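Here the sequence shown stands for residues 45 to 820, where the numbers follow this note's numbering.
All C-beta atoms, glycine included, are put in the ideal place defined by N, C-alpha and C.
Since the model is a prediction, treat every value here as computed from it, not as a measurement.
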Amino acid sequence: MTALLPDPPARPRWHHSLQTRFALWFGVAGALAAVAGGIALYRVAEARALEAAGASLVESLRRTGVEGRALLQAVDVGAATLAGAVPGMRGDAAQTLALLDAVVLADPNVAGGLVAAEPAVSPLPGRHWAVYAAKQGRGVVHRDLIGERGIDVPAQAWYRETLAARGPRWSPPYFNETAGGRWMVTLNRPLAPSNGQPSGMVSLDVPIDRFNALLDPFRNDPRLRAVLHKGPVWIGDSDWVSVGTPPPALPELDALLTTARQQARPGELVALGQGRRGAHASIDGDWGLLLVLDEAATLAPLREVAWRFAGGTVVLIGLLALLGNALSRGITRPMVQLGEAARRLAQEGFAMPTALLVRRDEVGELARVLDGADAALRQQMAQTQRLAQEQQKLDSELRLAHDLQQSMLPPATAVDVHEGHLDIHAVLKPAKSVGGDFYAFHPREDGMLWFAIGDISDKGVPAALFMARTVAVLEATARNTDSPALMLARAAPRLAEGNESCMFATALCGLVDPHTGMFELASSGHELPFIVRADGRVELFEMETGAPLGIDPEAYGEGHAGMLAPGDCLFCFTDGVTEARNRQGELFGEARLREVLAQPGRNAEQRIADVVAAVEAFAAGAEPADDVTVLAVGLVAPEQPASDPLHFSIWPSGLRAMNRAIDECLARHGIDAEGQSDVRLVLEELLANAIDHGGAVDCTVDLSFTERTITLRIVDDGMPFNPLDTPDLELDAEDLDRPIGGLGIHLIKTMSLDAVYAREGDHNRLTLVLPRNPPT
Numbered sequence: 045m046t047a048l049l050p051d052p053p054a055r056p057r058w059h060h061s062l063q064t065r066f067a068l069w070f071g072v073a074g075a076l077a078a079v080a081g082g083i084a085l086y087r088v089a090e091a092r093a094l095e096a097a098g099a100s101l102v103e104s105l106r107r108t109g110v111e112g113r114a115l116l117q118a119v120d121v122g123a124a125t126l127a128g129a130v131p132g133m134r135g136d137a138a139q140t141l142a143l144l145d146a147v148v149l150a151d152p153n154v155a156g157g158l159v160a161a162e163p164a165v166s167p168l169p170g171r172h173w174a175v176y177a178a179k180q181g182r183g184v185v186h187r188d189l190i191g192e193r194g195i196d197v198p199a200q201a202w203y204r205e206t207l208a209a210r211g212p213r214w215s216p217p218y219f220n221e222t223a224g225g226r227w228m229v230t231l232n233r234p235l236a237p238s239n240g241q242p243s244g245m246v247s248l249d250v251p252i253d254r255f256n257a258l259l260d261p262f263r264n265d266p267r268l269r270a271v272l273h274k275g276p277v278w279i280g281d282s283d284w285v286s287v288g289t290p291p292p293a294l295p296e297l298d299a300l301l302t303t304a305r306q307q308a309r310p311g312e313l314v315a316l317g318q319g320r321r322g323a324h325a326s327i328d329g330d331w332g333l334l335l336v337l338d339e340a341a342t343l344a345p346l347r348e349v350a351w352r353f354a355g356g357t358v359v360l361i362g363l364l365a366l367l368g369n370a371l372s373r374g375i376t377r378p379m380v381q382l383g384e385a386a387r388r389l390a391q392e393g394f395a396m397p398t399a400l401l402v403r404r405d406e407v408g409e410l411a412r413v414l415d416g417a418d419a420a421l422r423q424q425m426a427q428t429q430r431l432a433q434e435q436q437k438l439d440s441e442l443r444l445a446h447d448l449q450q451s452m453l454p455p456a457t458a459v460d461v462h463e464g465h466l467d468i469h470a471v472l473k474p475a476k477s478v479g480g481d482f483y484a485f486h487p488r489e490d491g492m493l494w495f496a497i498g499d500i501s502d503k504g505v506p507a508a509l510f511m512a513r514t515v516a517v518l519e520a521t522a523r524n525t526d527s528p529a530l531m532l533a534r535a536a537p538r539l540a541e542g543n544e545s546c547m548f549a550t551a552l553c554g555l556v557d558p559h560t561g562m563f564e565l566a567s568s569g570h571e572l573p574f575i576v577r578a579d580g581r582v583e584l585f586e587m588e589t590g591a592p593l594g595i596d597p598e599a600y601g602e603g604h605a606g607m608l609a610p611g612d613c614l615f616c617f618t619d620g621v622t623e624a625r626n627r628q629g630e631l632f633g634e635a636r637l638r639e640v641l642a643q644p645g646r647n648a649e650q651r652i653a654d655v656v657a658a659v660e661a662f663a664a665g666a667e668p669a670d671d672v673t674v675l676a677v678g679l680v681a682p683e684q685p686a687s688d689p690l691h692f693s694i695w696p697s698g699l700r701a702m703n704r705a706i707d708e709c710l711a712r713h714g715i716d717a718e719g720q721s722d723v724r725l726v727l728e729e730l731l732a733n734a735i736d737h738g739g740a741v742d743c744t745v746d747l748s749f750t751e752r753t754i755t756l757r758i759v760d761d762g763m764p765f766n767p768l769d770t771p772d773l774e775l776d777a778e779d780l781d782r783p784i785g786g787l788g789i790h791l792i793k794t795m796s797l798d799a800v801y802a803r804e805g806d807h808n809r810l811t812l813v814l815p816r817n818p819p820t
C-alpha cells in the first residue's frame, strides 16, 4: 500500500521568507555600517572643525590685542610727552599750543586734546588757563574753554580726579560736545608738579569708533563675537550696529566675561556654556578683549554636508537591499526543494530529487547528507525515545527515594519533665534528589534525649545508602549506651567493616538531661555546635573531635559536658550551612551564621527557620553545592524566682554576719551543705577582691532562686574591676611555673553556668548563675 503523504505546506509568507531576510540583512548591515561610519567621521570632523576655529580665535585674539595695545600706548606716549613738556614752557602760550597741535595731528587716533594749567604755570598770570585743540580737516581749531565757553574747568569732576590721581586715567565713554558731538574715551594725565603742587592736566580724546575699528574683522563672521572692555565698562562690540556709540550693558556679556576670567588663563580657550567657547586677553591695565565662538554657527557647514551624506546613505541602503534580494533568489529556491524533500524524511519512499544531488555547492552536499541519513535518523530517534523512557523511570525512582529518605527523619518532639521540657527541631534540605546528611533523635527510657547529626562524604544515591546504614548503627548503639563517646566508639568499627568504597561520615552525638539542662557531646570530625543563650549571646562549644566514622575502627572522640539554662538553645549544623555559596562565589560563613542566631527570645523552631531562610536568601540563584542540615535543642522552663529573695548591704566589717545570713537563707530554700559552701566561697572571694583591691566601701548582694539555679547579683562602689577578664589558669602546669593567685576566680568561672559583668555609673555590677544542686 502506498503511504499517503500530507499536503505540501504553503510557501512561507514574504515576511518569513529567507529572500526577504537576506534583503533586510544586506540593507540593515549597510545601514549600520553607513550610520556608524558617518557618525564616526562626523565626530572627527566636528572635533577638528572646532579645534581649527578655536585656534583661529586664539590667534585673532592675540593679533587684535597687539593692535589695541599699540593704540593705547600711542595715545599714552602723546599724553606723557605733552604733560612733561608743558610745565617747562613757563606759561608760553604759543609754544604750548604748538606742542598741543603737534601731538593731536601726529596720532590719527586722537580727535582732540586739552591743556589746562593752574595759575602758577598759566600763560595768564594768576588765572587758570584751559584750551582745547580739535582736529578740523588737516588743521586744528582752538577753543578757549574758560574765556570763550565760560566753563569752570577747575570745578569739573574730571579735572579734580585727574589731579588727585597723579597718573594717567582713562575715562568711561561719554558724549563730547566740544569735540564736535561725538562719543569719546579720554586719556587724562596730570602735568608735572610745580613746587610739589599740581600744575594742571592734559587730555587726549579718542573717538569710540576708533576702538570699534579694532573689531571690524569680526563683524561679518557669524561664528565669532568680539567685545572690548575697560574694567566693567563695555567699549566696543562686533555685534553692535552703531560703531560710533558704546554698546549697551548686557548681563549676558558680564556673565561670559566672568566665566572666561575665572576658568582660563589669559589667551586660553574655555567652554562658556550653551554651546559657546571663548578666550579673554588683557590688553593694557584694565583694558581687555573677549572673543566668543558660537559652536552651532561654526558647525553649520559641516552639518549641511552631514545631511547630504545621510541622503546618500539612504540611497545606498536601498541599492544594497535590492542586491541582497537578487543574491538570495539563487539560495532560497534550492532551500525550498530541500524542505519539501526533508518533509518526507520519516516516511516510506523517501527520495532526494536528482537535481539537488548533482549540485556541486553546499546545497548539493546537504542534499547528499540528508539522502544517506534516513536509516541513521530512524535509529537515533528510537534510541532517543528509549533514553527518555529510562530517564523518566530514573526520575520516578529518585523521587521515591527522596520521599523515603524524608520519611525516615523523625518529626519535631518535646521531652517533658516536672521542671520543664526540651524542644528539638531539625530540617534537612538535600542538594540533589537524595542527600548524604542525616539527623536522628528520640527520648530514652531514662528520660534523657538522644540526638545525632552528621554528613556523609559523598552525594546522591551512594551517600543516601551509607547514610541509612550510619543512622541505623548509631540508633542501635544509643539504646544501651549512656555515653555519646562510647556510642561513637562502638559505631566506628561497624561502619568501617566492609566499607570498600572508603566512604566516611562525620557525626555529632549528644545526650541532654531535661531535668538539669546538663548535656554531653562527642564528635567524630563534625562541625562544633553553638550554644545560643536566651539573651542572644552566641557561644562556640569548643571540644575535641575524633576521626570521621568509617575510616579507622579505633578512632573516636571524647565526651564533653555542658549545661543549658532555661531559654538557651544548642544549635548543631552541617558544613552545607557555612559553605553555602551565592552567585558571586562567596561563602555564607560562620560570621553570618552567628549574626542570624544572635536574636534574643527565639525558640528552637524559630532559630531553625531563621537560619534556613537566611541561607536560602543568600544562595538564591546559585546551584546548591551541598546538603543543608540544622538541628536545635532548646530548654524551656518557667523561670519564676522564689517568693523571698535575699537583699542586704555588707560593709568590710560585716563578712561574718553575711555568712550567717547566707547560710540561713540557703538552708531555708533547701540548699544542701555542699551548695551552701559553694555560694559562700564565691561571695567571699568576690567581696574580698572588691574591698581589698577595688577599695569598695559599700557592697550589696541579692540572691534569688529558681527550681534549678541560684542567681547572685553583687554591686559595689569600688574602682572599675572585671574579675571575668582574668586569664584562665593552666592547672596542668608545674607549681613553680603557675603564677600566684587567681585560683579563686578560676573556680568561680568553673562553677558558674553564666556570668555577666557591667560597669553602671560609679558601681561594678556582677551577675552569676550557679546550679542549685551542683553535679558531683
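Between which residues of its own chain and residue i is the CB-CB distance below 7 Å, once the five residues before and five after are set aside?
| i | result |
| --- | --- |
| M245 | A160, Y203, T206, L207, N232, R233, P234, L235 |
| D806 | D761 |
| M587 | L565, S567, L572, H604 |
| L101 | L268, L313, A323, L335, L337 |
| R210 | P234 |
| S215 | W202, V229, T230, N232 |
Out of the options, which has the shortest C-alpha to C-alpha gap to residue i?
| i | options | result |
| --- | --- | --- |
| Y801 | I792, F765, D772 | F765 |
| N220 | Y176, E192, A199, F262 | Y176 |
| E804 | I758, A124, R638 | I758 |
| L637 | D405, V656, G240 | V656 |
| G491 | Y483, K476, V556, D772 | V556 |
| I789 | A299, M763, I735, L725 | L725 |
| G122 | S104, I361, G157 | G157 |
| G678 | E728, P610, I735 | P610 |
With DSSP as the reference, label residue i as helix, strand or coil.
| i | result |
| --- | --- |
| Q684 | Unreliable placement is indicated for Q684, whose pLDDT of 49 sits below 50; no coordinate value is reported for it. |
| P793 | Correcting the residue type first, residue 793 is Lys in the shown sequence and not Pro. Reduced to three states, the DSSP call for K793 is helix. |
| H469 | strand |
| H737 | helix |
| N239 | coil |
| I706 | helix |
| F692 | Any reading at F692 needs caution, since the residue's pLDDT is 49, under 50, leaving its predicted position unreliable; the model's value is listed next. Strand. |
| I195 | coil |
| L76 | helix |
| R403 | coil |
| L333 | strand |
| V461 | Confidence in V461 is poor, its pLDDT being 46 and thus under 50, which makes the residue's placement unreliable; the coordinate value appears in the next sentence. Three-state DSSP puts V461 in coil, outside helix and strand. |
| I715 | coil |
| S501 | coil |
Label residue i either buried or exposed according to how many other C-beta atoms from any shown protein chain fall within 10 Å of its C-beta, with 16 as the threshold for buried.
| i | result |
| --- | --- |
| T514 | buried |
| Y218 | exposed |
| P276 | exposed |
| N733 | buried |
| S166 | buried |
| L593 | buried |
| S545 | exposed |
| M45 | Low local confidence applies: a pLDDT of 39 at M45 is under 50, so the model's placement there is unreliable, and no value is given. |
| G280 | buried |
| I497 | buried |
Excluding the 5 residues preceding and the 5 following residue i in the sequence, name in chain order all residues of the same chain whose CB lies nearer than 6 Å to its CB.
| i | result |
| --- | --- |
| D328 | R113, L116 |
| M562 | M607 |
| W278 | P291 |
| A676 | H469, C613, F615, A648, R651, I652 |
Within the 8 Å Cβ cut-off, does residue i reach chain C?
| i | result |
| --- | --- |
| A209 | Note that chain C does not occur in the displayed structure, where there is just one protein chain. |
Can you find the residues in the same chain that come closer than 8 Å, C-beta to C-beta, to residue i, ignoring five residues on each side of it along the sequence?
| i | result |
| --- | --- |
| A711 | Q720 |
| R581 | A642 |
| A821 | Residue 821 falls outside the range modelled here, since the chain spans only 45 to 820, and no answer is possible. |
| G319 | D338, E339, A340 |
Every unbroken beta strand (DSSP E) inside the region 84-160 [3 residues or more]: none
Every unbroken alpha helix (DSSP H) within the region 570-625, with a cutoff of 4 residues, ordered by chain: 619-622
Whole runs of the beta strand (DSSP E) within the region 207-271, excluding any shorter than 3 residues: 218-220, 226-234, 244-251
Minimum length 4: unbroken alpha helix (DSSP H) runs contained in the region 509-546: 528-540
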